[in-house]
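Engineer: Sequence positions in the sequence shown follow the numbering used here and run 223 to 484. Here a beta-carbon is modelled for each residue, glycine too, at the ideal position from N, C-alpha and C. Being a predicted model, the structure only gives us computed values, none of them experimental. Okay, handing you the structure first.
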Amino acid sequence: MKKKRLKKIKNTAIRKAEEVLAFSRPKSLRDVELHYCAGCGHSIVHRLICETIDEFGIRERVIGVAPVGCAVIAYDYWDFDVTEAAHGRTPAVATGIKRVLPGNIVFTYQGDGDLAAIGTAEIIHAANRGENITVIFVNNGVYGMTGGQMAPTTLAGQKTVTTLEGRTIRNDGYPIKILEMLSVLPGAKYLERVSVHSAQEILRAKRAISKAFKTQIDNKGFSIVEVLSMCPTYWGMTSIQSADRIKNEVSTFYPIGVIKSY
C-alpha cells in the first residue's frame, strides 16, 4: 500500500510539472496553419502579441489593424477583432477607432513598406499627436509580399531584385531609422527596438511588446516596438543564416534596445 501511495504521489507530481511546463497555444491565436515562409519572423511576433493580450486579459477589448504586406491576412490567425487598412494608412485607421472607442486597446501591425514607405506621413503625425495607440513594426529590410524589392530599411550593400548589385547610398539614399526619427517627437512616449533571431531576443521582444501595450493601457500615449525579423526567402539564405545576419549585421545598423521611454 505504501509503495502504491508513493507511486501515486510521484505520478501526480510529474503530471503537475508537465502541466506547468507545457508550451501551449495562446487563446488569442487561432489553431490554423500560418502561410509564412519557413524561418520568417512574423509567426513569432504573432504569438508574442497574443501571449501579451492573454496575459493582460484584454482580448475582448483589443482591436488590431492589419497592414498591406506579408501579414495582410493576420486577422485569419488572431482570435480577436481585427480590421484592414489601405496601404500605409494603418495608423490613421487606428487613430479613428481609438478616438471613437477610447476604452478599447488598439494596435497596428505594420511592415517596412506599410510603415516606412507609403505610410511615413501617417506614422509621423500619429506619433506627433501622441495618439494613445500601440504600433508593432516588423522590419525585415525588404518587400516580401511583392517579390523582394528594396525597402526604405534595406541596408547599404544589400542585394534585392531592384538593387542587383546592392543598395548604394549615392543612388538609393540611406536606410531609414524610424525609431530614432520618431524619438524627437514629444508625443512619442515609448520606443524600443528588438529582434526575434534567438530565444533570448524573443524574450526581450515579449517584454517590449508588453510594455508597449501597458503604455496604452495606462493612457501614456503613443508606443511603438520595432522588431528586426528574418526573411530567408528574399535574403537568399537559410533560416540559420538569416538569424546570424540579424545578429552580426542588421543589429549593428539598427541597434537593439530602448530608444525612448516615458
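Report yes if the CB atom of Ala430 is closer than 7 Å to the CB atom of Val418, and no otherwise.
Structural biologist: Position 208 of the sequence shown, counted from the start, is the residue given in the question as residue 430. Position 196 of the sequence shown, counted from the start, is the residue given in the question as residue 418. Not in contact: Ala430 and Val418 (Cβ atoms no closer than 7 Å).
Engineer: Return the residue from the list Arg415, Tyr456 and Phe444 that minimises the CA-CA distance to Phe475.
Structural biologist: Taking the sequence shown and counting its residues from 1, the one referred to as residue 475 is at position 253. Checking every option, the nearest Cα to that of Phe475 belongs to Arg415.
Engineer: Along the chain, where does the alpha helix (DSSP H) containing Asn350 start, and where does it finish?
Structural biologist: Position 128 of the sequence shown, counted from the start, is the residue given in the question as residue 350. That run of the alpha helix (DSSP H) goes Thr342 to Arg351.
Engineer: Pick from Thr342, Arg467, Phe329 and Val480: whose alpha carbon is nearest that of Gly286?
Structural biologist: Residue mapping note: residue 286 aligns to position 64 of the sequence shown, counting from 1. It is Phe329 whose Cα lies nearest to the Cα of Gly286.
Engineer: Let's test the definition: count the other Cβ atoms within 10 Å of the Cβ of Glu423 and tell me whether it reaches 16, buried, or not, exposed.
Structural biologist: The sequence position of residue 423 within the sequence shown is 201, counting from 1. The residue is buried, with at least 16 neighbouring Cβ atoms inside 10 Å.
Engineer: Using the Cα positions of Lys320 and Leu386, report the straight-line distance between them to the nearest angstrom.
Structural biologist: The sequence position of residue 320 within the sequence shown is 98, counting from 1. The sequence position of residue 386 within the sequence shown is 164, counting from 1. Approximately 42 Å, taken between the alpha carbons.
Engineer: What residue range does the beta strand (DSSP E) around Glu414 cover?
Structural biologist: Reading the sequence shown from its first residue, position 192 is the one you call residue 414. Unbroken beta strand (DSSP E) run through Glu414: Ala410 to Ser417.
Engineer: If you check the beta carbons only, do Glu344 and Arg311 fall under 7 Å apart?
Structural biologist: In the sequence shown, residue 344 corresponds to position 122, counting from 1. In the sequence shown, residue 311 corresponds to position 89, counting from 1. In this structure, Glu344 sits near Arg311, with a CB-CB distance shorter than 7 Å.
Engineer: Please go through the same chain and pick out, in chain order, the residues whose beta-carbon is closer than 6 Å to the beta-carbon of Ala501, but skip the five residues on each side of it.
Structural biologist: The chain is shown only over 223 to 484; residue 501 falls outside these bounds and no answer can be derived.
Engineer: Output yes or no for whether 7 Å exceeds the beta carbon distance between Leu256 and Cys272.
Structural biologist: For the purposes of this step, residue 256 is taken as the residue at position 34 of the sequence shown. For the purposes of this step, residue 272 is taken as the residue at position 50 of the sequence shown. Not a contact, by the Cβ cut-off of 7 Å.
Engineer: Given 8 Å as the limit, is there contact between the stretch 439 to 450 and the stretch 399 to 414, that is, 3 or more CB pairs closer than that?
Structural biologist: Contact annotation: the stretch 439 to 450 touches the stretch 399 to 414, with at least three C-beta pairs closer than 8 Å.
Engineer: Output yes or no for whether 7 Å exceeds the beta carbon distance between Ala338 and Ile266.
Structural biologist: Start at 1 with the first residue of the sequence shown, and residue 338 comes out as number 116. Start at 1 with the first residue of the sequence shown, and residue 266 comes out as number 44. Going by C-beta atoms, Ala338 is not nearer than 7 Å to Ile266.
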